[in-house]
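Asker: Chain order of the listed sequences is A and B. Sequential numbering from 2 applies to the first sequence in this note's numbering. Sequential numbering from 2 applies to the second sequence in this note's numbering. All residues carry an ideal CB built from backbone N, CA and C; glycine is no exception. One structure, pasted below without further comment.
2 protein chains.
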Amino acid sequence: MVVPSQASLNNQLLTLLPEADYRQIAPDLAPFNVARGALLARAGDPIEHVYYLTSGIGSLVASTPEGNRAEAGIFGREGYIPTSAAMGVELSVHDVIMQIEGDAYRMEFTAFRKWMDNNRYFAKVMIRCIEAFSIQLTYTAISNAVHGVDERLARWLLMCHDRVSGNEIPLTHEFISLMLAVRRPSVTTALHVLEGNGFIRSFRGNIIIRNRQALEEFARDAYGKPEAEYQRLMTGLF
Amino acid sequence: MVVPSQASLNNQLLTLLPEADYRQIAPDLAPFNVARGALLARAGDPIEHVYYLTSGIGSLVASTPEGNRAEAGIFGREGYIPTSAAMGVELSVHDVIMQIEGDAYRMEFTAFRKWMDNNRYFAKVMIRCIEAFSIQLTYTAISNAVHGVDERLARWLLMCHDRVSGNEIPLTHEFISLMLAVRRPSVTTALHVLEGNGFIRSFRGNIIIRNRQALEEFARDAYGKPEAEYQRLMTGLF
DNA sequence: CCTCGTTCGTACGGTTCCGGACCCTTTATC
DNA sequence: GATAAAGGGTCCGGAACCGTACGAACGAGG
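Set out below in structure tokens:
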């Protein structure tokens, strides 16, 4: 089996590992293409694999018994999923859905547990990522409580933009409305507001970021804190 | 120094520990009364102590650069705080505020880190608690997105009720409005709805739960899932 | 080129909630 | 007992969103 070089990996967690430790765990990484809409984990099912995206975007989607659904967290090549695997939890609590197709390396759950127990650096990076993701969750919670649809959409587009290469975000209004837990027409009109300001261009099934900085200013305090914390948590680890 | 017996502790995490392991860590636990309004951790400050409440309630409050604030998570004697201490993080990201006065045992951050590294069972319980708390965060996020004020208030009162002994919740409308990130009059009218249905009685600075089951039914899917997951995660650990 | 399913634009009434304000009651302070 | 502070009840206009619906535009397949 060919072991991918660390530098070529393009997953930020794996590149953070000391080289020797990366080489240790690398044989347990298998390349895997994840189609749009694929479920990386399903609520109530056993966790079988841990995924390290190198491209594409996935979402942690919480749902209630009555069928209400909303995105709680988003991840791309800066993290891994499901984070609960690191806590010795065998069943997934939430759905994890791939929203933009991408490539990943994945690891068997048992191998993941093995390295969590046997490699300090690996464990440290994973644990830090949990903390970073957890911070993102708190800001999703506060943003859902205090921000309007326009700002929440701006925040969400920025988080997507952070995780794609280029400026295209190939998603439909319908899908975005599920993530933000708002009406589909609310997404349409909110996108018009952003487009009217020149921040984005909106096409059928595709959104293009045109002026990221202005978009950040528009989002105001809805965007930035979790991202800054991620940087802080992941810098100077060893 | 007198070491409190495990059974007398009344903090569910500490009572979950095997007795031998509890005795190991117990000398590092110091009793501490936490006044209402006290900050157990402040955003940006170093984490100095880890707290195990035995009574009272605390809140994890997220805030944005522009001063928006909202509660992201609540905890009592079923948990500990700050959870990020377990991840080797030295600075607190959020404010942790005591909303109902109570007693606690607290541990120096350095001692906490020591036991996380040197006692498997201790570490496992703490990590499980992180997972449980993280699940609570996701449901706060979805609830903020999809539920109205009445349901969110019901959910919140139920979570408080889980963490007090008796049926009294001594809090003001003003304070609740901060937690839910809504207007203070919105809390007043929402409480009237609950009171009109006979679920609660509302007095000046005090709320009494009169019919918990009916309150749960009113809250519908806003309440229950995280609590069930906590049970599942914390049962049959060893 | 035609058809059909997907995606998006738009409209309308109704509800919830906000921002802000005002005043009354209860409790604390001196 | 006077005064101040805290807590709570209520009202108003307006904004934001919702549920729902309908139709136009686009794109893939025959």
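Just the Cα atoms here: how many angstroms apart are A/D151 and A/L192?
Answerer: 8 Å
Asker: Looking at the unbroken beta strand (DSSP E) that takes in A/I210, where does it start and where does it end?
Answerer: A/I210: member of the beta strand (DSSP E) spanning N207 to I210, first to last residue.
Asker: In the stretch 97-131 of chain A, which residues sit with their C-beta less than 8 Å from some C-beta in chain B, listed in chain order?
Answerer: K125, I128, R129 and I131
Asker: Using a Cβ-Cβ distance cut-off of 8 Å, determine whether B/A142 contacts chain A.
Answerer: For B/A142, the closest Cβ of chain A is nearer than 8 Å.
Asker: Starting from A/G197, follow the alpha helix (DSSP H) in both directions and report where the run begins and ends.
Answerer: R185 to G197
Asker: CA-CA distance, B/G199 and A/I82?
Answerer: Their Cα atoms are separated by approximately 44 Å.
Asker: Would you say A/V150 faces chain B, with C-beta separation under 8 Å as the test?
Answerer: no
Asker: Go through its chain and collect everything with a Cβ distance to A/H50's Cβ below 7 Å, but skip five positions before and after it.
Answerer: Sequence-distant partners of A/H50 (beyond 5 residues in either direction) whose C-beta falls short of 7 Å from its own C-beta, in its chain, are R107, M108, E109 and F110.
Asker: Could you tell me whether any Cβ in chain B is nearer than 8 Å to the Cβ of A/N34?
Answerer: no
Asker: For A/I58, write down the residues that DSSP places opposite it in a beta bridge.
Answerer: A/I101
Asker: Would you give the residue range spanned by the beta strand (DSSP E) that A/F204 belongs to?
Answerer: I201 to F204
Asker: Beta-carbon within less than 7 Å of A/I209's beta-carbon, same chain only, minus the 5 sequence neighbours each way: which residues are those?
Answerer: For A/I209, where only same-chain residues beyond five positions count, the Cβ hits under 7 Å are N168, E169, I201 and R202.
Asker: Please identify the residue among A/D163, A/W157, A/R164 and A/S166 whose C-alpha is closest to the C-alpha of A/H174.
Answerer: Comparing Cα positions, the closest option is A/W157.
Asker: Residues of chain A with CB under 8 Å from B/P66, in chain order?
Answerer: D222, G225 and K226
Asker: Starting from A/H95, find everything on chain B with Cβ-Cβ shorter than 9 Å and list it in chain order.
Answerer: I136 and T139
Asker: Take A/V94 and list the residues in its own chain whose beta-carbon comes closer than 7 Å to its own, dropping the five residues that flank it on each side.
Answerer: A44 and S85
Asker: Using a C-beta to C-beta distance shorter than 7 Å, which residues of chain A count as neighbours of B/E230?
Answerer: V94
Asker: Are any of the Cβ atoms in chain B nearer than 8 Å to that of A/L234?
Answerer: yes
Asker: Scan the stretch 105-190 of chain A and note each continuous alpha helix (DSSP H) run of 4 residues or more that stays entirely inside, going in chain order.
Answerer: 110-119, 121-147, 150-162 and 174-181
Asker: Output the distance between the C-alpha atoms of A/G57 and A/G38, rounded to the nearest integer angstrom.
Answerer: 11 Å
Asker: Using 8 Å as the Cβ pair cut-off and three pairs as the minimum, do the stretch 15-30 of chain A and the stretch 61-72 of chain A touch?
Answerer: Here the stretch 15-30 of chain A does not lie against the stretch 61-72 of chain A, with fewer than 3 beta-carbon pairs under 8 Å apart.
Asker: By the criterion of Cβ-Cβ separation under 8 Å, what are the contact partners of B/S85 in chain A?
Answerer: E132 and S135
Asker: Which residues in the same chain as B/R221 place their Cβ atom closer than 7 Å to its Cβ, once the five residues preceding and following it in sequence are excluded?
Answerer: Closer than 7 Å at Cβ, skipping near neighbours: E152.
Asker: Over what stretch of residues does the beta strand (DSSP E) that includes B/R78 continue unbroken?
Answerer: That residue, B/R78, is in no beta strand (DSSP E); it is neither H nor E in DSSP.
Asker: Any Cβ of chain A within less than 8 Å of the Cβ of B/A191?
Answerer: no
Asker: Taking only three categories from DSSP, how would you classify B/S64?
Answerer: strand
Asker: Using a Cβ-Cβ cut-off of 8 Å (strictly less than) and excluding sequence neighbours within five positions of A/G225, which residues of its own chain qualify?
Answerer: Once the five neighbours on either side are set aside, the close Cβ partners of A/G225 are E217.
Asker: Do you know how far the Cα of A/F204 is from the Cα of B/L92?
Answerer: 43 Å
Asker: Hey, is the stretch 225-239 of chain A in contact with the stretch 14-24 of chain B, meaning 3+ C-beta pairs nearer than 8 Å?
Answerer: no
Asker: Beta carbon of B/A142, beta carbon of A/L40: below 8 Å?
Answerer: Contact: no.
Asker: Determine, for B/M88, whether the minimum Cβ-Cβ distance to residues of chain A falls below 8 Å.
Answerer: Yes, its Cβ sits closer than 8 Å to a Cβ of chain A.
Asker: Would you kindly report the start and end of the unbroken alpha helix (DSSP H) that includes A/A229?
Answerer: K226 to M235
Asker: Starting from B/P47, follow its DSSP beta bridges and name the residues at the other end.
Answerer: B/L92
Asker: Measure the CB-CB distance between A/A182 and B/V147 and report whether it falls below 8 Å.
Answerer: yes
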